Amino acid sequence: MRLVILGQSGQLAQALRSVCSSMAVPPICLGRAQCDLSNAQAVADRLFEIKPEAIINAAAFTAVEAAETQVDQATALNTHAPQALAEVASRLNVPFLHISTDYVFDGRQSVPYSEKDAPNPLNVYGRTKLDGERAVIATYPEALIIRTSWVFSPYGHNFVRTMLKLAAKGDPLSVVDDQIGTPTSALDLAEACIQALKAKRDGAEARGLFHYAARGETSWFGLAQEIFEQTAAWRANKEVIVQPIGSDEFKTQAVRPKNSRLNSDAFVRTFNYHQPRWQESLANTLAMLEPECRLARRAP
């Protein structure tokens, strides 16, 4: 399968590259330098030149805070670019998978969100991602859209890496305890994406929206505690003081949903995919990060 991945340096793009490394035909990863997603014609020209057999859009404007003031940039990447990609995929008649977010919901309901629940984003990032979903479905109804949540990995910028860096400084940490979600490994998400695309290629009657996140739930504070518990041995049991705080004590421009939990039953059932617990996936990621963290500790 000649797979094109839009995005190069993000967590999911790097995870996809890792997961696909054993494929007979390596994926083609297109970053900004290879494919300017702000130029619909350039996107079409590049993809028609490559003639992919499947496309994954892992590119997005994910800086939630910056999106509040950089609305045009967020809209270009999160709304217009997915529509342009869906148009090309439709013309090529190939599977197209687009990644979206839990932030399309307002977090006010008390149970995990299913695909049937009405979205109501609280911030610019969530609104532009929701508009992107709608544009993709309107342009190419056969497309797959996977909403996910609280993505972490050994790559790039994410909560897990940030916590380890801050802990290394030895200062007390304050972490939000009233936002609940499911931490999801980018590597697990990448495998889920590939499984869904293969099923689609092989004739599975699957289209539209799906949710995929790991099993279980926690708060950001709970995730921080788990990170430090799992890494205590190779941090020489150095104690990290973590203080739980409310969202109102952690001032941000963008409002976050209090409930980011996603119900992944439809995805698991449709694509017969194993859904790991978030603690297991966290352990795998921390094992990959351990050499880097040990090296950083020894640095002068």
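Residue numbers (the working numbering): 119 to 418.
Positions of the beta carbon are idealized from the N, C-alpha and C atoms, including for glycine.
No experiment lies behind these values; they were computed from the predicted model shown.
Subject >> Distance, isoleucine 173 Cα to leucine 215 Cα >> reply: For leucine 215 and isoleucine 173, the distance between alpha carbons rounds to 6 Å.
Subject >> Close beta carbons around phenylalanine 223, own chain, < 6 Å, minus the five adjacent residues each side >> reply: Cβ neighbours of phenylalanine 223 beyond the five flanking positions: Tyr231, Pro237, Pro375.
**OP:** Using the Cα positions of glycine 340 and valine 229, report the straight-line distance between them to the nearest angstrom.
**Re:** One C-alpha to the other measures close to 18 Å.
**OP:** Give the straight-line distance between the Cα atoms of threonine 336 and glutamine 397, rounded to the nearest whole angstrom.
**Re:** Distance from the CA atom of threonine 336 to the CA atom of glutamine 397, rounded to whole angstroms, is 10 Å.
Original post:
Just checking my contact of glutamine 348 with alanine 401 at CB under 8 Å: how many whole Å lie between their CB atoms?
Top reply: That pair is a contact at about 6 Å.
Subject >> Coil, strand or helix - isoleucine 168 by DSSP >> reply: Helix.
Subject >> Close beta carbons around serine 399, own chain, < 7 Å, minus the five adjacent residues each side >> reply: Cβ within range, chain order: Ser303, Asp306, Ala332.
**OP:** Using 8 Å as the cut-off, classify the Cβ of methionine 281 as near or not near the heavy atoms of the ligand GDP, replying yes or no.
**Re:** In the structure on display, the ligand GDP does not appear, and there are no ligands present to speak of.
Original post:
What do you reckon, are the CB atoms on glycine 225 and aspartate 295 nearer than 9 Å?
Top reply: Their beta carbons are not under 9 Å apart, which means glycine 225 does not touch aspartate 295 by this criterion.
Subject >> serine 271 vs glutamine 129 beta-carbon contact at 9 Å >> reply: Yes, these two residues count as a Cβ contact at 9 Å.
**OP:** Would you be able to state if there are at least three C-beta pairs under 8 Å between the region 252-260 and the region 194-206?
**Re:** Contact holds between the region 194-206 and the region 252-260, because three or more Cβ pairs, one in each stretch, are under 8 Å apart.
Subject >> Under the three-state DSSP convention, the category threonine 302 falls into >> reply: DSSP places threonine 302 in strand when its eight states are reduced to three.
Original post:
Any idea what DSSP makes of glycine 149, helix, strand or coil?
Top reply: In the structure shown, glycine 149 sits in coil (DSSP, three-state: anything other than H, G, I, E or B).
**OP:** Could I get the ranges of all uninterrupted beta strand (DSSP E) runs contained in the region 271-351, with 3 residues as the minimum, in chain order?
**Re:** Listed in chain order, they are 291-294, 326-329.
Original post:
With respect to the beta strand (DSSP E) encompassing serine 218, which residues constitute its N-terminal and C-terminal limits?
Top reply: Residues 214-219.
Original post:
To which residues does DSSP link asparagine 381 through a beta bridge?
Top reply: BP columns for asparagine 381 are empty, so no partner.
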